[in-house]
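Quick notes on the structure that follows.
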Amino acid sequence: MSTYKPLRPLDPLIDEGELTSLEKSPFLKQLHRLVCHKIEAPFCLSINGTWGSGKTSLMMALQARLTKDGFPTVWFNPWEYERAEDVVLCFLASLCQKTQSKWPLDWSDFKVFSLSFFTSGVDAFARVVSRNAINFKNMADIYSEIEKALGQRDYEDPVALLKEDFEKLTGLIVDKTSHGKYPLVVFLDDLDRCLPDMALEMLEALKNLFVIPRARVIFIAGIDTEVAKRFIVKRYEGMDESYAFNYFRKIFHATVNLPLLSRDEHNALLAARVDELWPSEEPPSGKADVVQRVSKGLEAYNVRSIRKIHHILNGYYLWSSFHGSNASSAEHVIALELLILREKDLDLVQSLGAHLRRQSPGVTFRRFFNELDDAEKKRIKACMGSRWTDQNDVHFQNAQGTVTIDRLRWL
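The sequence shown maps to residues 1 to 411 in full-length UniProt numbering.
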């Protein structure tokens with residue numbers, strides 16, 4: 001049983017019970033074995049999965065397990081810095097700060113990295129590193145800044161200097177934490193949520209600056225491969241998809257695909273979440289009916305995202321709390337169906353809501369649906385297929401003929 005209240009931001013709050021549950025996953029066990037016994041640092045591994053498929057949860061569980069084993073680990077969310085001028089600078093500054101917090105080092109032997117501690121802090125670090133060794137611009141200015149800050153003239157290549165510092169940093173962390181046994185593991189979460197230019201900046205830094213011969217580091221990135229390829233195609237306009245594929249493979253040495261949940265796993269997740277939201281009471285139609293209806297809707301609309309399951313059930317719980325106490329079972333059926341459809345096509349449901357608010361209160365949902373213009377009907381049918389007219393779902397068909405528009409103005 002979770003120690004958290006049921007309505008919470010789910011990604012950052014994975015508790016011990018949920019971690020224990022994830023550790024039973026054969027996929028996680030194999031991924032853990034891969035990192036521990038099969039991968040030689042430096043290495044860059046991507047975990048491919050669509051938005052909401054569970055990449056973050058899986059990586060958090062893997063991080064917990066590796067940390068327990070004695071691996072030094074660091075977590076970085078590039079999308080948190082989308083307003084920053086240089087995400088790679090933010091990564092470097094974050095890495096230095098987390099290193100100092102977890103494994104204090106003597107920074108006086110570093111060249112560029114030491115600037116974040118021994119000159120004017122991160123601002124100086126920003127001036128030197130992001131102006132822009134990362135983007136390979138203004139090289140003379142960078143060299144001048146480094147030369148001035150460190151009083152040294154034996155480095156002509158600031159990029160080489162940066163690489164040397166990164167190699168030294170990973171080596172010291174590894175020596176300090178595990179006497180050289182385990183490499184540093186850096187988790188990069190949700191790269192596909194970043195703006196395209198920012199995501200590519202981080203990916204190119206991996207390829208050119210950080211995955212280098214003597215760096216004792218493994219990068220594990222959660223990213224939707226198809227989204228990343230679209231970023232690459234957009235950046236290098238005129239190149240075909242094969243170029244994007246080869247570009248991606250130059251950055252990531254291997255990719256593992258997150259498996260889709262089976263129907264049984266989906267239903268188990270649904271049932272567990274329903275029990276969490278209604279621990280001591282029942283929805284009007286019963287917990288089993290909610291699980292079955294959501295499961296069928298997800299299958300009909302081809303919605304496979306774990307996060308969307310939570311959105312549907314959270315939305316239904318809130319609707320039931322604020323609007324459903326005096327609602328009929330038919331209204332609950334329609335409400336739940338619309339919440340499922342919203343996760344398939346938000347724009348469509350918002351358009352339906354706008355139409356609903358212009359109708360007379362006593363119009364039934366079926367009449368409303370039948371009186372839509374042909375273009376809107378075509379759009380609905382393209383999205384829903386035969387789901388809306390499925391005669392085998394007697395409760396849903398009856399609900400369409402009895403629920404009136406005034407009961408759906410919450411939409």
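We treat Cβ as the ideally placed atom computed from N, Cα and C, and that holds for glycine.
Under the 8 Å Cβ criterion, the segment 72-83 does not count as touching the segment 223-236, having fewer than three qualifying pairs. Excluding five sequence positions before and after R387, the CB atoms of its chain that fall closer than 6 Å to its own CB belong to A300, given in chain order. Note that the segment 342-362 touches the segment 395-410; at least 3 beta-carbon pairs, one per stretch, sit closer than 8 Å. Taking the C-beta atoms as reference points, N48 is found nearer than 8 Å to D224. Boundaries for A288: no beta strand (DSSP E) harbours it, while the alpha helix (DSSP H) harbouring it runs 287-301, taken from the DSSP string.
Spanning the alpha carbons of V174 and L105 requires a straight line of approximately 12 Å.
With fewer than 16 other Cβ atoms inside 10 Å of its own Cβ, F245 counts as exposed. Secondary structure of T99 (DSSP, three-state): helix.
Proximity to E337 across R357, A272, L313, L356 peaks at L313, based on C-alpha coordinates.
For the options Q292, G324, Y316, V185, the alpha carbon positioned closest to that of H395 is the one of Q292.
DSSP places S46 in the strand class (E or B) of the three-state scheme. With 16 or more neighbouring CB atoms inside 10 Å of its own CB, S46 falls in the buried class. Taking C-beta separations shorter than 8 Å and ignoring five residues to either side along the sequence, the partners of M202 in its chain run P78, V87, V88, F91, L188, L191, C194, following chain order. Following the DSSP letters along the chain, one finds F245 inside the alpha helix (DSSP H) bounded by residues 241-251.
With contacts defined as CB atoms closer than 8 Å, L341 and V333 fail to qualify as a contacting pair. In this structure, the CA atom of E164 is about 23 Å from the CA atom of L200. With contacts defined by Cβ atoms closer than 8 Å, A41 and P259 do not form a contacting pair.
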